[in-house]
Amino acid sequence: MALYSEKVMDHFRNPRNVGVIEDADGVGEVGNAKCGDIMKMYLKIDNDIITDVKFETFGCGSAIASSSMATELIKGRPVDEALQLTNKAVAEALDGLPDYKMHCSVLAEEAIKNALDDYHSKKDLKTEG
Ligand code: FES
Numbered sequence: 009m010a011l012y013s014e015k016v017m018d019h020f021r022n023p024r025n026v027g028v029i030e031d032a033d034g035v036g037e038v039g040n041a042k043c044g045d046i047m048k049m050y051l052k053i054d055n056d057i058i059t060d061v062k063f064e065t066f067g068c069g070s071a072i073a074s075s076s077m078a079t080e081l082i083k084g085r086p087v088d089e090a091l092q093l094t095n096k097a098v099a100e101a102l103d104g105l106p107d108y109k110m111h112c113s114v115l116a117e118e119a120i121k122n123a124l125d126d127y128h129s130k131k132d133l134k135t136e137g
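In the numbering used here, each residue carries its 1-based index in the sequence shown increased by 8.
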């Protein structure tokens, strides 16, 4: 019995959108204190559309697969939609994760939300200035 779906294995072996965006409009970093894994998301946003997204994950295979899938789900999408992305949706898009690995997908949801928060606070600063 396979513990991980083919999609999980595929995104783990060939993660999409790995890297750093130097002039990102929003950056979010989250960690899980229990396992010590860390995920960082970089967003490039134009007119409230996510035009580019990259990630760095220092973590388990499920965390890498989750961040990879999450970047694919939000790329080209409006900011509002990306904010709605849940870890469940990420796990479903991966054809499921084992129960005890669901927290890994939570990192992806939180990293994106943090990056969008960062984007919004930077934007507020700009309009104030
Ligand atoms: Fe920590 Fe998966 S075990 S994110």
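A virtual CB, placed ideally from N, CA and C, is assigned to each residue, including glycine. What you are looking at is a predicted structure, and each value in this text was computed from that prediction instead of being measured.
message: If I measure Cβ to Cβ from M77 and keep anything under 7 Å in the same chain, skipping five residues before and after, which residues do I get?
response: H19, V98, A101 and L102
- request: Scan the segment 27-110 and note each continuous beta strand (DSSP E) run of 3 residues or more that stays entirely inside, going in chain order.
  value: 34-39, 46-54 and 57-66
message: Taking only three categories from DSSP, how would you classify S113?
response: helix
- prompt: Should A10 go down as buried or exposed, given a rule of 16 or more other Cβ atoms within 10 Å for buried?
  reply: exposed
task: Tell whether a beta-carbon distance below 9 Å holds between I46 and V61.
output: no
field: Exposure label - K96; buried when at least 16 CB within 10 Å
entry: exposed
query: Tell me which same chain residues have a C-beta within less than 7 Å of the C-beta of S13, skipping the five on either side of it?
result: L102, D103 and G104
field: D125 and G34 closer than 9 Å at C-beta
entry: yes
- prompt: Mind checking whether the beta-carbon of G67 lies closer than 8 Å to any heavy atom of the ligand FES?
  reply: yes
query: For the ligand FES, any of its heavy atoms closer than 8 Å to the Cβ of L115?
result: yes
- request: Less than 8 Å between the CB atoms is what I'm expecting for N25 and F63, so what's the real figure, rounded?
  value: 6 Å
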